[in-house]
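Chains A and B, in that order, give the protein sequences. This note's numbering puts the first residue of the first sequence at 1, with every later residue one more than the last. This note's numbering puts the first residue of the second sequence at 1, with every later residue one more than the last.
Protein chains: 2
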Amino acid sequence: MTTKSDGAGAPIGYDPSQFPAFAVTVDIVILTMSDGALHMLLVRRGEAPFKGMWAIPGGFKRPNETLHEAARRELAEETGVDVPTLLTQFGAYGDPGRDPRINVVTVAYLAVLRDVGTIVAGTDAADALLVPVGDVRSEKLDLAFDHLQIVRDAVDRARVELEVTGIATAFVGPTFTLAELRAVYEATWGVELDAANFRRSVVAEDGWVIPTGRRTQPGPAGGRPAELYRAGRAWKHGGPIHRLPRTTERN
Amino acid sequence: MTTKSDGAGAPIGYDPSQFPAFAVTVDIVILTMSDGALHMLLVRRGEAPFKGMWAIPGGFKRPNETLHEAARRELAEETGVDVPTLLTQFGAYGDPGRDPRINVVTVAYLAVLRDVGTIVAGTDAADALLVPVGDVRSEKLDLAFDHLQIVRDAVDRARVELEVTGIATAFVGPTFTLAELRAVYEATWGVELDAANFRRSVVAEDGWVIPTGRRTQPGPAGGRPAELYRAGRAWKHGGPIHRLPRTTERN
DNA sequence: ATGGTTCTGGTCGAAAAGACAAGAACTATT
DNA sequence: AATAGTTCTTGTCTTTTCGACCAGAACCAT
């Protein structure tokens, strides 16, 4: 049994055989926009348990690295992408039996990326797949372990982050139209926003987006060419809150 | 080394000797209001390392319990308090060397409680102390391990929760005045709010607080007796956002 | 030219935020 | 008892923001 003699936060007078041993892993949920819908990256498991099922990329934490470094390393190893700052830790999962063989506690990270092509480049493409998040959340796609719960939490967190910080610009390219940016909000929230009001709300926030002066080519259906913007400073936690305009009934 | 052959989220074909072993602990930051200021509960370490220093209560996770259960159990063991729903996980910490002896990954929880008397009752009072959070954050009080960082993150999280959910009512008693509730916001945010506007903002939010019809005894300085309220439904994550009124320049 | 589509800017009413004044209900002091 | 000081509550006013909707601008297709 554990020593609870002094009530301190960490074990006292322990030796390595006195506490239950756990494996610690990190899992990374990669979100990205594709075809106007929110997608995420999955990998297929090649061995038991859950052989053949889809899972979130991840792996063991090593003793000589931080959790954040482990997540960054695993992501780089499996996808070839280096995302130093965009990794956000959003939860730890340690239910007994979540891995049928050993005791595993996993720490989950969230990354929002814009370019899908460079993501799958570094890994075996046959084992990696970009799927709509909606298919995962609606259980049209079964995930290994408790990864469904992890994905749900990841999307919830992404919504909050989207509202509080400025990571929405991480979803789009280095230069983007406000319609693309609006699509990110609409896809993650499942709502429809007024284009005019969204524009004002975004532009009014000082330094959020910076106009480049250039314009896009209109789509095949025509339409007025949209102005191109680039991302301003991306706010960290604790920055001012950016509320996105709500939409109400319309007639 | 770890197998990264298939790029799946958890180890494949492993056996218990194939992955680095970690101890997993849970730490609980207990926040409460006392004398109009935000306080937190600390325990004193009786043995090395960090002997004699203050630390957050916590302890080992067991293999047959969830992280949440572990936090709840450790909190009950050390403080005699049972808080089934108010425990919020807010971070995992696993930097190498954060415990000088073994590899420890800790999962941190946040609890906001109202009644201090019942908290310290269940434990050895000599080892437990309620201190102002300000003293910890300003490093007037040294904490063991990386607990200072954990406390800082806890308060940051509490502020967000306060703004997004209705847990502010968890800080105050079962029945409270709006001035007490306002003090919670002012203490955690370090701002001053207009009493009249705060009242409206809180009462307008439907079901947030419920008037009891009774009144308080005025303080020694007199003053009009305040109406007593009790907490309405406490909103969970995903509920409507309650913005607290901002205060601007005054002259 | 004409109609359809998409982005941009303008306006207008409703709602909310914030400042401030005034009243209400108490205690303490003279 | 009258008065002053304190604290909570209510009222009102101005300013800002939100959300809806319309009209124009700039493109495509036929």
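For glycine and all other residues, C-beta sits at the position ideal for the given N, C-alpha and C.
Which chain B residues are close to residue i, counting only those with a beta carbon under 8 angstroms from its beta carbon?
| i | result |
| --- | --- |
| A/Pro96 | Pro63, Asn64, Glu65, Thr66 |
Residues of chain B with a CB under 7 angstroms from the CB of residue i: which are they?
| i | result |
| --- | --- |
| A/Asn103 | Pro63 |
| A/Phe176 | Here the premise fails: no neighbours, minimum Cβ distance about 27 angstroms. |
DSSP three-state call for residue i: helix, strand or coil?
| i | result |
| --- | --- |
| B/Gln149 | helix |
| A/Ala48 | coil |
| A/Asp124 | Low per-residue confidence applies at A/Asp124: pLDDT is 48, beneath 50, and the placement is therefore not dependable enough to give any value. |
| A/Thr88 | strand |
| A/Val131 | strand |
| A/Leu110 | strand |
| A/Arg62 | coil |
| B/Trp54 | strand |
| B/Ala221 | coil |
| B/Arg98 | coil |
| A/Glu227 | strand |
| A/Val264 | Outside the displayed range of chain A (1 to 251) lies residue 264 of chain A, so it cannot be described from this structure. |
| A/Ser201 | helix |
| A/Ala70 | helix |
| A/Phe171 | helix |
| A/Ala37 | strand |
| A/Leu31 | strand |
| B/Val136 | helix |
| A/Leu143 | strand |
| B/Leu42 | strand |
Let's test the definition: count the other Cβ atoms within 10 Å of the Cβ of residue i and tell me whether it reaches 16, buried, or not, exposed.
| i | result |
| --- | --- |
| B/Asn64 | exposed |
| A/Val191 | exposed |
| B/Gly223 | exposed |
| B/Pro174 | exposed |
| B/Gly97 | exposed |
| A/Asn103 | buried |
| A/Gly219 | exposed |
| B/Thr32 | buried |
| B/Lys61 | buried |
| B/Val203 | exposed |
| B/Thr212 | exposed |
| B/Ala196 | exposed |
| A/Ala144 | buried |
| B/Arg215 | exposed |
| B/Gly94 | buried |
| B/Gly52 | exposed |
| B/Asp206 | exposed |
| A/Asp35 | exposed |
| B/Gly59 | buried |
| A/Ile210 | exposed |
| B/Glu139 | exposed |
| B/Asp142 | exposed |
| B/Ala48 | exposed |
Could you list which residues in chain A have their beta carbon closer than 9 angstroms to that of residue i, in chain order?
| i | result |
| --- | --- |
| B/Ala285 | Only positions 1 to 251 of chain B appear in this structure, which leaves residue 285 of chain B out of reach. |
Show which residues of chain A have a CB atom less than 8 angstroms away from the CB atom of residue i.
| i | result |
| --- | --- |
| B/Ala21 | Pro16, Ala21, Phe22, Ala23 |
With a cut-off of 8 angstroms, does the C-beta of residue i fall near any C-beta of chain A?
| i | result |
| --- | --- |
| B/Gly60 | It is worth fixing the name first, because residue 60 of chain B is Phe in this sequence and not Gly. Output row for B/Phe60: interface = yes. |
| B/Val107 | yes |
Quick check: is the beta carbon of residue i nearer than 8 angstroms to any beta carbon in chain B?
| i | result |
| --- | --- |
| A/Ala231 | no |
| A/Trp189 | no |
Contact set between the region 64-91 of chain B and chain A, restricted to residues whose Cβ is under 7 angstroms from the partner = Asn64, Glu65, Thr66, Leu67, Glu77, Glu78, Gln89, Gly91
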